[in-house]
Amino acid sequence: MKVRKIPVRTCVVTGEKFPKSELLRIVKTPSGEIVVDITGKINGRGAYIKKELQVLEKAQKSKILERRLESSISDEVYDKIGETIGEN
2 MKVRKIPVRT CVVTGEKFPK SELLRIVKTP SGEIVVDITG KINGRGAYIK KELQVLEKAQ
62 KSKILERRLE SSISDEVYDK IGETIGEN
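Numbering (the numbering used here), first residue to last: 2 to 89.
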């Protein structure tokens with residue numbers, strides 16, 4: 002049996018590399034909406050962050066997600082991301 006390659010992605014906040022399943026994908030859809038992508042398959046520009054609340058706080062303070070997604074992000078979206086991280 003062939004061994005499957007595990008996709009690795011980089012957290013935009015910490016710069017660490019992790020398996021794709023350990024990160025949370027935030028997507029700017031073609032319509033300009035910012036959403037949390039649980040499946041990893043939503044169409045659009047994506048950025049990955051580590052599933053930790055401290056990393057989310059750092060991302061919100063430094064506005065790195067806004068720069069990576071080239072769009073402003075509302076507090077409601079950050080709250081939704083926090084809820085998603087809290088569930089895991």
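Cβ coordinates follow ideal geometry from the N, Cα and C atoms, glycine included. These numbers come from a predicted model, not from an experiment.
Leu-24 is a Cβ neighbour of Lys-52, given a cutoff of 8 Å.
Where Val-36 is concerned, the enclosing beta strand (DSSP E) starts and stops at 35-38.
Checking the DSSP bridge columns, you'll see Leu-24 partnered with Lys-51. Excluding residues up to 5 positions away in sequence, Lys-21 and Arg-26 lie with their Cβ nearer than 7 Å to the Cβ of Gly-41 in the same chain. If you draw a straight line from the Cα of Arg-46 to the Cα of Phe-19, it comes to about 19 Å.
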